[in-house]
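*Asks:* Using this note's numbering, read the sequence shown as starting at 30 and increasing by one per residue.
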Amino acid sequence: MKGWYIALPGLLFPFCLWANSIELTSGMVIKTSVTILPRTYALAASADLKNPLLVIEGNNITVDFNKAVVQGSADKSRPDEFYGLAILVKKGSKNITIKNASIHGYKVAILADSVENLTIDHCDLSYNWRQHLQSNREREDISDWMSYHHNEKEEWLRYGAAMYLVNCRSAVISNNLVTGGQCALMMTRCEKVSVWDNDFSFNSGIGIGLYRSSHNRFYHNRLDYNVRGYSHGKYKRGQDSAGFLVFEQSSDNVFAFNTATHSGDGFFLWAGQTTMDTGEGGSNDNFVYGNDFSYAPTNGVEITFSRNLVMKNLIKDCDHGIWGGYSYDTDITDNIFENNRIGIAIEHGQNINLVLNSFTNDRTGVKLWSREKQPADWIYAQKRNTDSRNYWIAANKFTSTPKAFDIMGTDTVVFSGNTKLLVEEPLVLGERAENIDTSREAEVLDMEYQKDERLKSIKATALPPTILPQGKKEMRITEWGPYDFRYPLLWLTDIDSLGYYHFEVLGPKGSWELTATDGFTIIDKGNNNFPSTITATAQKTQARRAIRLQYKGPGYHDQFGKWQDSSTTHDFTYSEFEPVAQWNVNWYRWNADQDPGKDYTTFTAVWEQTPVHSAVTSNIDFTWWGKIGKDLPADSFATVATTTMVLPANTYEVGITADDYVKLFIDEQEVINAWDSQYTALDENTHHRTRIKLNAGEHRFRIVHAEKKGLATLQFYFKPVEKISP
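1. Are the beta-carbon atoms of residue 258 and residue 293 separated by less than 8 Å?
2. Excluding the five sequence neighbours on either side, which residues of its own chain have a C-beta within less than 6 Å of the C-beta of residue 738, listed in chain order?
3. Would residue 72 and residue 53 be called neighbours here (beta carbons separated by less than 8 Å)?
4. Output needed for residue 49: all residues of its chain with C-beta closer than 8 Å, excluding positions within five of it in sequence on either side, in chain order.
5. Quick check on DSSP: helix, strand or coil for residue 635?
6. Where in the segment 686-721 do unbroken runs of the beta strand (DSSP E), each at least 3 residues long, occur, reported from the N-terminal end onward?
7. Using the C-alpha atoms, what's the distance from residue 111 back to residue 83?
8. Go ahead and label residue 155 buried or exposed: buried means 16 or more other beta carbons lie within 10 angstroms of its beta carbon, across all protein chains shown.
9. Taking only the alpha-carbon atoms, compute the straight-line gap between residue 558 and residue 278 and give it to the nearest angstrom.
10. Rounded to whole angstroms, what's the CA-CA distance from residue 338 to residue 320? Just pull it up for me.
11. Taking the alpha carbon of residue 696 as the reference point, which residue from 686, 499, 472 and 674 has its own alpha carbon closest?
12. Rounded to a whole number of angstroms, what is the C-alpha to C-alpha distance between residue 544 and residue 305?
13. Give me the Cα-Cα distance between residue 332 and residue 568, rounded to the nearest whole angstrom.
14. Between residue 250 and residue 219, how many whole angstroms is the CB-CB distance? I'm expecting something under 8 Å.
15. What does residue 192 pair with, by DSSP beta-bridge criteria?
16. Taking the beta strand (DSSP E) that residue 357 belongs to, which residues open and close that run?
17. Between which two residues does the beta strand (DSSP E) containing residue 348 stretch?
18. So the candidates are 494, 493 and 511; which of them puts its Cα closest to the Cα of residue 767?
19. Assign residue 625 to one of two classes, buried (16 or more other C-beta atoms within 10 Å of its C-beta) or exposed (fewer than that).
20. Just mark residue 31 as buried or exposed, buried being the case when its beta carbon has 16 or more other beta carbons within 10 Å.
21. Is residue 46 buried or exposed, if buried means 16 or more other CB atoms sit within 10 Å of its CB?
22. Determine whether the beta carbon atoms of residue 539 and residue 516 lie at a separation below 8 Å.
23. Relative to the alpha-carbon of residue 606, which residue among 597, 652 and 547 has its alpha-carbon at the smallest distance?
24. Under the DSSP definition of a beta bridge, which residues are partnered with residue 616?
25. Does DSSP put residue 100 in a helix, a strand or coil?
26. Let me know if residue 140 comes out buried or exposed under the rule of 16 or more other beta-carbons within 10 Å of its beta-carbon.
27. Closest to residue 3 by CA distance: which of 67, 56 and 100 is it?
28. Have a look at 647, 422, 446 and 234 and flag the residue whose alpha-carbon is nearest the alpha-carbon of residue 212.
29. Per DSSP, residue 318 forms a beta bridge with which residues?
30. So, at 6 Å on beta carbons, what are the nonlocal neighbours of residue 440 in its own chain, with the 5 sequence-adjacent residues on each side left out?
31. Using CA atoms only, rank isn't needed, just tell me which of 400, 405, 399 and 372 is closest to residue 391.
32. Taking the beta strand (DSSP E) that residue 579 falls in, what are its first and last residues?
33. Per DSSP, residue 519 is paired with what?
34. Which residues in the same chain as residue 744 place their Cβ atom closer than 8 Å to its Cβ, once the five residues preceding and following it in sequence are excluded?
35. Less than 8 Å between the beta carbons of residue 128 and residue 142, yes or no?
36. Near residue 345, what residues of its chain come up, given a Cβ to Cβ distance below 6 Å and the 5 sequence neighbours on each side ignored?
Structure follows, in structure tokens:
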């Protein structure tokens with residue numbers, strides 16, 4: 030840097046000119062420290078991840094983006110169509126700093142491969158790739174499920190990431206923002222990484238994910254609302270979303286003073302496929318301390334097939350506070366459980382200490398159990414003893430918890446000094462509960478523990494302040510992920526038994542007004558501030574229905590991250606499309622000689638047979654976890670569904686989620702062909718969609734579907750592409 034000083038009476042101003050300030054261009058390779066000229070760069074990356082937009086390579090390099098904005102995929106409007114890698118920090122580089130960057134619109138924003146001493150600081154990596162979700166208020170769609178169980182070949186990259194680190198050592202990830210994406214920070218085979226003071230909230234997948242990553246520290250991060258697969262009062266699945274994901278031999282990590290609330294799981298740990306195949310190893314000796322894992326649709330903390338220490342966490346209003354299946358040599362100490370269905374649930378656990386925990390208003394405090402026999406072909410159970418045994422349960426406090434302990438299939442449980450107030454059933458014992466020792470339960474224990482040495486390396490020793498709405502009802506999952514309260518939204522909460530539609534009117538500070546309706550009659554509406562409510566009835570004879578509101582107030586970022594200025598008004602709309610349809614559905618059995626995977630034309634002979642079952646329904650929405658009905662098959666069946674709809678002229682988006690095989694015909698024209706087993710290898714590939722232009726009039730729809738074995742599903746989607754504007 031060269032410096033000049035401008036002298037004025039009594040003042041001395043430095044005026045600095047960076048000799049190496051640069052303007053970004055596509056394909057640039059950066060090998061020395063630079064400052065980027067601050068502006069917005071619309072730069073498309075290669076469609077794959079092999080040819081990055083920018084490369085950083087070398088040692089002792091600082092790239093200061095100086096608040097420059099790098100925007101990719103300008104030719105795409107949907108986040109699930111974003112593509113390319115913005116920045117690659119090349120293999121073998123050392124002492125690299127990336128700071129003050131804003132990178133949006135890519136499949137992956139920053140990928141670092143085998144880099145030592147990488148720092149990513151004060152970057153905004155929001156609004157990159159994310160999946161278009163098919164689950165809605167009424168029904169879950171299996172194509173929204175994710176799977177992180179394998180990453181030996183970087184399979185995680187199919188889900189995109191703001192930051193993807195592989196084989197990195199001693200990195201520092203601090204003060205970054207990632208929102209409106211799917212996965213924030215994903216780490217594979219990384220060690221001694223420090224991650225602190227980041228805000229990775231309101232993403233549809235994972236806040237922080239680890240795979241074969243050990244000896245790392247995560248503290249004072251905000252990982253709230255990393256969630257999908259939830260509809261309040263309807264279903265609570267989570268679909269493997271999580272604040273923290275800790276998979277496959279990720280051990281000796283410290284997670285302290287983070288908030289990971291309103292996420293599918295707050296903390297999701299699994300030993301890994303290696304352990305499943307060998308019975309050895311695990312994601313072990315992780316220290317989970319002082320975090321808030323409340324309001325998870327599924328588990329506040331899930332720790333399975335491993336040994337860990339879980340201490341002093343706050344876990345409220347989850348399905349399970351802690352799910353500890355097949356955990357062993359694990360301590361769960363001094364945690365606060367409130368309003369969970371089950372506080373601690375452990376199947377087949379061994380050598381577990383449950384000490385000094387507090388349970389308030391949980392339906393069941395602690396549930397321990399095992400099944401009598403394990404599947405004969407399960408390798409893990411062949412390699413390891415999986416009995417449920419050896420628990421020490423001491424100095425826990427239960428208040429207003431109907432059932433304190435529920436135990437079956439477990440050997441050797443010692444109780445000491447647990448206190449119970451307003452508990453209806455102190456101890457429920459089921460079958461195969463042996464050597465249950467309550468002889469010291471009346472003792473008064475005064476227990477303390479020393480501060481863990483690992484906490485000395487944690488700089489921040491308090492949770493980030495609570496600034497977001499709290500409670501499960503605040504999780505509203507749109508087709509692009511969790512609602513973030515930053516933009517106006519008209520949200521349907523319920524259709525009651527009388528057919529009244531109940532809406533919430535949500536948004537930032539400002540006001541709203543009703544500007545138009547079509548197919549709805551407004552019965553009642555609240556005040557014109559946020560939040561508010563609207564009650565309406567629908568004219569069911571009208572297929573296209575909508576309510577339009579207008580927002581006035583401060584500027585805001587919409588759900589795609591685009592700035593909407595306060596100088597203009599902005600419309601926001603609820604719309605639905607329910608064409609009158611009567612589906613005639615027939616089911617058929619098929620045998621091994623009629624395998625649908627061999628030849629479709631031959632398989633069509635199946636529906637020339639007599640159906641084993643028939644039904645008439647107003648929509649196609651089937652998910653079968655077993656048999657399709659009493660005395661009907663669970664596997665090796667086919668489905669044929671037909672209907673006729675009278676439609677206005679329009680371009681329509683039509684979609685089907687199916688497991689295993691499916692075709693869709695409209696007016697005998699094949700418009701979707703997913704008659705291939707490749708589409709069922711991954712859940713996200715079971716959804717198929719296309720667009721078709723239809724003239725006004727009557728149109729015939731025919732769906733043909735075949736199921737081989739396992740879970741079966743068939744769900745149909747249909748809507749106009751053009752916005753419905755009253």
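Ideal Cβ positions, reconstructed from N, Cα and C, are used throughout, including at glycine.
*Replies:* In short:
1. Numbered from 1 along the sequence shown, position 229 holds the residue referred to as residue 258. Numbered from 1 along the sequence shown, position 264 holds the residue referred to as residue 293. Contact check for residue 258 against residue 293 passes: the beta carbons are separated by less than 8 Å.
2. Position 709 of the sequence shown holds residue 738. Contacts found: 664.
3. The sequence position of residue 72 within the sequence shown is 43, counting from 1. The sequence position of residue 53 within the sequence shown is 24, counting from 1. Yes.
4. Here residue 49 refers to the residue found at position 20 when the sequence shown is read from its first residue. So the list reads 61, 62, 63 and 64, once near-sequence residues are dropped.
5. Position 606 of the sequence shown, counted from the first residue, corresponds to residue 635. The answer is helix: DSSP assigns residue 635 an H, G or I state.
6. Counting only runs of at least 3 residues, the segment 686-721 fully encloses the following beta strand (DSSP E) elements, listed from N- to C-terminal order: 690-695 and 698-703.
7. As a position in the sequence shown, residue 83 is number 54, starting the count at 1. As a position in the sequence shown, residue 111 is number 82, starting the count at 1. In a straight line, the C-alpha of residue 83 is about 17 Å away from that of residue 111.
8. Locating residue 155 in the sequence shown gives position 126, where the first residue counts as 1. Burial state of residue 155 is buried, judged by a 10 Å Cβ sphere holding 16 or more other Cβ atoms.
9. Numbered from 1 along the sequence shown, position 529 holds the residue referred to as residue 558. Numbered from 1 along the sequence shown, position 249 holds the residue referred to as residue 278. Roughly 50 Å separates the two Cα atoms.
10. As a first step, residue 338 must be located in the sequence shown, where it is residue number 309. As a first step, residue 320 must be located in the sequence shown, where it is residue number 291. One C-alpha to the other measures close to 13 Å.
11. Position 667 of the sequence shown, counted from the first residue, corresponds to residue 696. For the set 686, 499, 472 and 674, the Cα lying nearest the Cα of residue 696 is the one of 674.
12. Locating residue 544 in the sequence shown gives position 515, counting from the first residue. Locating residue 305 in the sequence shown gives position 276, counting from the first residue. When only Cα atoms are considered, residue 544 and residue 305 end up about 58 Å apart.
13. Your numbering for residue 332 matches position 303 in the sequence shown. Your numbering for residue 568 matches position 539 in the sequence shown. In this structure, the CA atom of residue 332 is about 49 Å from the CA atom of residue 568.
14. Reading the sequence shown from its first residue, position 221 is the one you call residue 250. Reading the sequence shown from its first residue, position 190 is the one you call residue 219. With 8 Å as the limit, residue 250 and residue 219 do not qualify as a contact, their Cβ atoms being about 16 Å apart.
15. Within the sequence shown, residue 192 is the residue found at index 163, counting from 1. Answer is 139 and 214.
16. Counting from 1 along the sequence shown, the entry for residue 357 is found at position 328. In this chain, the beta strand (DSSP E) harbouring residue 357 covers 357-362.
17. Against the sequence shown, residue 348 aligns to sequence position 319. Taken as a continuous stretch (DSSP letters only), residue 348 belongs to no beta strand (DSSP E), as it is neither H nor E.
18. Nothing can be reported for residue 767, as the shown portion of the chain is limited to 30 through 755.
19. To locate residue 625, count along the sequence shown from 1; it is residue 596. If you draw a 10 Å sphere on the C-beta of residue 625, you find 16 or more other C-beta atoms in it, and that means buried.
20. One-based indexing of the sequence shown puts residue 31 at position 2. Residue placement at residue 31 cannot be trusted, given a pLDDT of 34 that sits under 50; what the coordinates show is reported in the next sentence. Its Cβ having fewer than 16 others within 10 Å, residue 31 is exposed.
21. Residue numbering aside, residue 46 sits at position 17 when the sequence shown is read from its first letter. Any reading at residue 46 needs caution, since the residue's pLDDT is 43, under 50, leaving its predicted position unreliable; the model's value is listed next. Around the Cβ of residue 46, a 10 Å sphere holds fewer than 16 other Cβ atoms; the residue is exposed.
22. Taking the first residue of the sequence shown as 1, we reach residue 539 at position 510. Taking the first residue of the sequence shown as 1, we reach residue 516 at position 487. Taking 8 Å as the cut-off, the beta carbon of residue 539 is found no closer than this to the beta carbon of residue 516.
23. Against the sequence shown, residue 606 aligns to sequence position 577. Taking residue 606 as reference, the option from 597, 652 and 547 with the minimal CA-CA separation is 547.
24. In the sequence shown, residue 616 corresponds to position 587, counting from 1. Under DSSP, residue 616 forms a beta bridge with 642 and 668.
25. The count along the sequence shown starts at 1 and reaches residue 100 at position 71. Reduced to three states, the DSSP call for residue 100 is strand.
26. Looking up residue 140 in the sequence shown gives position 111. Around the beta carbon of residue 140, 16 or more other beta carbons sit within 10 angstroms, so the residue counts as buried.
27. Residue 3 lies beyond the stretch modelled for the chain, which goes from 30 to 755, so this question has no answer here.
28. Locating residue 212 in the sequence shown gives position 183, counting from the first residue. Out of 647, 422, 446 and 234, 234 has the C-alpha closest to the C-alpha of residue 212.
29. By one-based count along the sequence shown, residue 318 stands at place 289. 285 and 340.
30. Translated into positions along the sequence shown, residue 440 becomes position 411. The answer, listed in chain order, is 418, 463 and 464.
31. In the sequence shown, the residue the question calls residue 391 occupies position 362. For residue 391, the nearest C-alpha among the options comes from 372.
32. Within the sequence shown, the letter at position 550 stands for residue 579. Following the DSSP letters along the chain, one finds residue 579 inside the beta strand (DSSP E) bounded by residues 573-581.
33. As a first step, residue 519 must be located in the sequence shown, where it is residue number 490. Under DSSP, residue 519 shares a beta bridge with 534.
34. Reading the sequence shown from its first residue, position 715 is the one you call residue 744. Counting only Cβ-Cβ distances below 8 Å, and skipping sequence neighbours, we find 163, 168, 170, 649, 650, 651, 652, 685, 686 and 687.
35. Translated into positions along the sequence shown, residue 128 becomes position 99. Translated into positions along the sequence shown, residue 142 becomes position 113. The beta carbons of residue 128 and residue 142 sit no closer together than 8 Å.
36. Stepping through the sequence shown from its first residue, residue 345 is reached at position 316. Around residue 345, the same chain offers 323, 367 and 368 as residues with beta carbons nearer than 6 Å, after the five sequence neighbours per side are excluded.
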